[in-house]
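Residue 1 is where the sequence shown starts when you use this note's numbering, and the numbers rise one by one after that. Each remark here refers to the structure printed beneath this line.
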Amino acid sequence: MGKRRGNQTYYYLVESARVDGKPRIVSQQYLGSAEEVMARLAGGPGGQPVRSQHKRFGDVAAVWSILEALDAVGLVDDVVPRHVHAGASVGTYLALATLNRVVDPCSKRAFVEWWATTSGPRWVKLDAQALDHRRFWDAMDLLGADDLRAIETSIYGGMIDRYGLDLASVALDMTNFATYIDSTNDRAPIAQRGKAKQKRTDLRLVGLALVVTRDGGIPIVSHTYPGDRPDVTQFSTVLDELVARYRLLVQGVESLTVVYDAGQNSHHNHEQVEAAGIGFVGSLPPSDHPDLLDIPRSRYAAVDADRFADLTAVDTTVTALGVTRRAVLTHSPTLHAGQSRGLDQTLAKARAKLAGLQARLHRGNTRRPRGKVEADIAAILKPRWVDQIINVTPTGEEPATFRLSWRTNTRARAKLEDRLFGKRILFTNRDTWPVADVVAAYRSQSDAEFGFRQLKDPQVVSFSPMHHWTDQKIRVHVFTCVLALAVAHLMRRTAAKTGLHLSVRELLEHLEGIGETVLLHHDGGKGRPRAQRLLTDMSDTQRRLFDLFELQRYAPNR
1 MGKRRGNQTY YYLVESARVD GKPRIVSQQY LGSAEEVMAR LAGGPGGQPV
51 RSQHKRFGDV AAVWSILEAL DAVGLVDDVV PRHVHAGASV GTYLALATLN
101 RVVDPCSKRA FVEWWATTSG PRWVKLDAQA LDHRRFWDAM DLLGADDLRA
151 IETSIYGGMI DRYGLDLASV ALDMTNFATY IDSTNDRAPI AQRGKAKQKR
201 TDLRLVGLAL VVTRDGGIPI VSHTYPGDRP DVTQFSTVLD ELVARYRLLV
251 QGVESLTVVY DAGQNSHHNH EQVEAAGIGF VGSLPPSDHP DLLDIPRSRY
301 AAVDADRFAD LTAVDTTVTA LGVTRRAVLT HSPTLHAGQS RGLDQTLAKA
351 RAKLAGLQAR LHRGNTRRPR GKVEADIAAI LKPRWVDQII NVTPTGEEPA
401 TFRLSWRTNT RARAKLEDRL FGKRILFTNR DTWPVADVVA AYRSQSDAEF
451 GFRQLKDPQV VSFSPMHHWT DQKIRVHVFT CVLALAVAHL MRRTAAKTGL
501 HLSVRELLEH LEGIGETVLL HHDGGKGRPR AQRLLTDMSD TQRRLFDLFE
551 LQRYAPNR
């Protein structure tokens, strides 16, 4: 079949069939102009490709399919209108930034070159000028904190409905991210030096709180805050936001259970939890409750051998944070062994330092007064439990006569291990839940921790690189990072439901392996070469992912 376009006729190979009793075109393959068809039949220069290109297809198309399913572009554009001189809508810029965060994080300046190596320009038709980094920045400038909150509510609300996410139990956790913002920059007060969880005490930090579902670890609420603020001070804000959003989805909040760790504990925070009328599962420091630690091991019972091998527990009550509530005291041999190994390492370091100090004193060449030496000993014994196990005896009155001896109190260590190691106190108001469900809920905290580890992966779904230096742009950057995390975990959850249990990185590696090869033919004249596009061969896993994410919608048709 030929189609006339201007002065040229282009030919297609068409297959027809009857659909509902009527003739319909069911497939169509482009063949080229009459000259190209003749050249190919004759084996001329137009019949063989003169060069080829390889485009990134599978991972880019799969992420875009999730963004389209969430209507991310439309929901952003409903909140923030398009700038009159913009090359694309604000929603399009945020969706492209999110896509890049998932598969191959780079700066906005490097985006246009990266985008050209993918198949994305076939279905997101924007010229290079529209993808200039300054256009991204212009779009970001239009988004205020209230806009981001409204967009997040719309996108995650739709995500919960579309993917049937279970909100009965959610986990809350907080972390911070190191930035490279200059110390003299006064336009980013959200970036502050504090207790760096990446151990980069020399860098300014941005704090991030996430609430994630137990069902797939999908983030549904995020909160950005200055990196010098303790996590416990942000709990109230995040809880208010979570409860407000939950009320938009269900009639009451009684079915909601929030899981958090002991780092969020305070009387004020717990009063807010109780006042909200929601369920909670938290934890208490065992050393703060010696009466529970005194419970004999004979009272511990197995929890659920199929779900938690060797875990035992006592179901009791405890008074803490101003209330008396249910407590589940657990003992894990795995945790016990890990704490014991950690103590071995800590003790070995302390003994090595004591040996060094002992040797210096024995040589008699120290001029430090006794108070300074005792301060050195105290610093060596400062790590947790060390001063209970290593007994140090300094002797001598003058620097030249100072000597040091020590011994390990094995009985004290055995008592410590028996009394404390391997134990956790879970604190909850879910009085009717089986012990195994309380334990499972508390362990879901790892879903939030896994999300933070994913954001700190420099290769995929990464917070870094962050090339923004103002509060406003940092908040937009965090929004795209959290949305990228949600998209990646939705993809992982979707694959798992079909039996493909893959990590985010494994999933993206399989999808990246589905490439698009572009064969460039030339008809022998001076015109542009004709492009023939083909997908690479797929493994069984890749074929399943191709079908699962409906990538045929984005596949080349000629």
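The beta carbon of each residue, even a glycine, is placed where N, CA and C say it ideally should be. A quick note: this is a predicted structure, and the numbers were derived from the prediction, not measured.
Rounding to the nearest angstrom, what Cα-Cα distance links residue i and residue j in this structure?
i    : j    : result
R505 : W137 : 29 Å
D78  : A301 : 55 Å
S266 : A378 : 30 Å
L242 : A139 : 28 Å
I190 : L205 : 8 Å
R326 : D315 : 8 Å
Y442 : D240 : 21 Å
A95  : Q48  : 38 Å
T201 : G217 : 29 Å
H289 : I278 : 25 Å
H270 : L321 : 7 Å
H521 : Q532 : 8 Å
W123 : V50  : 25 Å
P45  : Q53  : Summary for P45: the model assigns pLDDT 47, below 50, so the residue's position carries little reliability; its value from the coordinates is reported in the next sentence. Taking the straight line from one Cα to the other gives about 18 Å.
T233 : P458 : 29 Å
Report the option in the options whose CA atom is closest to the CA atom of residue i.
i    : options                : result
S389 : R411, V435, G396, E374 : Checking the sequence shown, residue 389 turns out to be Ile, not Ser. Nearest of R411, V435, G396, E374 to I389, Cα basis: R411.
L343 : E274, C481, L416       : L416
V323 : Q339, V273, H331, R370 : V273
A116 : A150, L455, L131       : L131
A72  : S89, Q129, H489, V211  : S89
S119 : E113, L67, R109, F57   : F57
R299 : N409, V328, P230       : V328
R162 : P369, L490, L311       : L490
A484 : D471, A496, T470, L508 : L508
L545 : D447, A62, Q53         : A62
G207 : K372, F235, D215       : F235
V386 : N409, L420, P399       : N409
L148 : T498, P399, L75        : L75
L534 : Q542, A555, D547       : A555
D104 : T92, R430, P465        : P465
Less than 9 Å between the beta carbons of residue i and residue j, yes or no?
i    : j    : result
A209 : M159 : no
P286 : K423 : yes
R553 : S169 : no
L502 : F549 : no
L246 : A486 : Per the sequence shown, residue 246 should be read as Tyr rather than Leu. Cβ distance not < 9 Å, so Y246 and A486 don't count as in contact.
G461 : V102 : Before going on, a small fix: residue 461 reads as Val here, not Gly. Result yes, Cβ atoms of V461 and V102 sit closer than 9 Å.
S255 : L426 : no
V259 : Q445 : yes
G227 : N185 : no
T224 : I474 : yes
L143 : T98  : no
V435 : V221 : no
L347 : W406 : no
Which first and last residues belong to the beta strand (DSSP E) in which residue i is found?
i    : result
G282 : 279 to 284
Q53  : 49 to 56
V253 : V253 -> no beta strand (DSSP E), and no H or E assigned at all.
R326 : 323 to 331
F427 : 423 to 428
A171 : 169 to 178
F308 : 308 to 320
T224 : 219 to 226
H521 : 515 to 521
Answer with buried or exposed for residue i, where buried requires no fewer than 16 other C-beta atoms within 10 angstroms of its C-beta.
i    : result
H468 : buried
E516 : buried
Q8   : exposed
H85  : exposed
V250 : exposed
E397 : exposed
L551 : buried
K125 : exposed
D557 : The sequence shown places Asn at residue 557, rather than the Asp named in the question. When all chains shown are included, N557 counts as exposed.
R367 : exposed
L357 : buried
N391 : exposed
D540 : exposed
E152 : buried
R135 : buried
Q264 : buried
Output the boundary residues of the alpha helix (DSSP H) element that contains residue i.
i    : result
H510 : 504 to 512
V386 : 386 to 389
E274 : 267 to 276
M159 : 145 to 163
Y442 : 435 to 443
Less than 9 Å between CB atoms is the rule here; does residue i satisfy it with respect to chain D?
i    : result
L485 : Protein chains in the displayed structure number just one, and chain D is not present.
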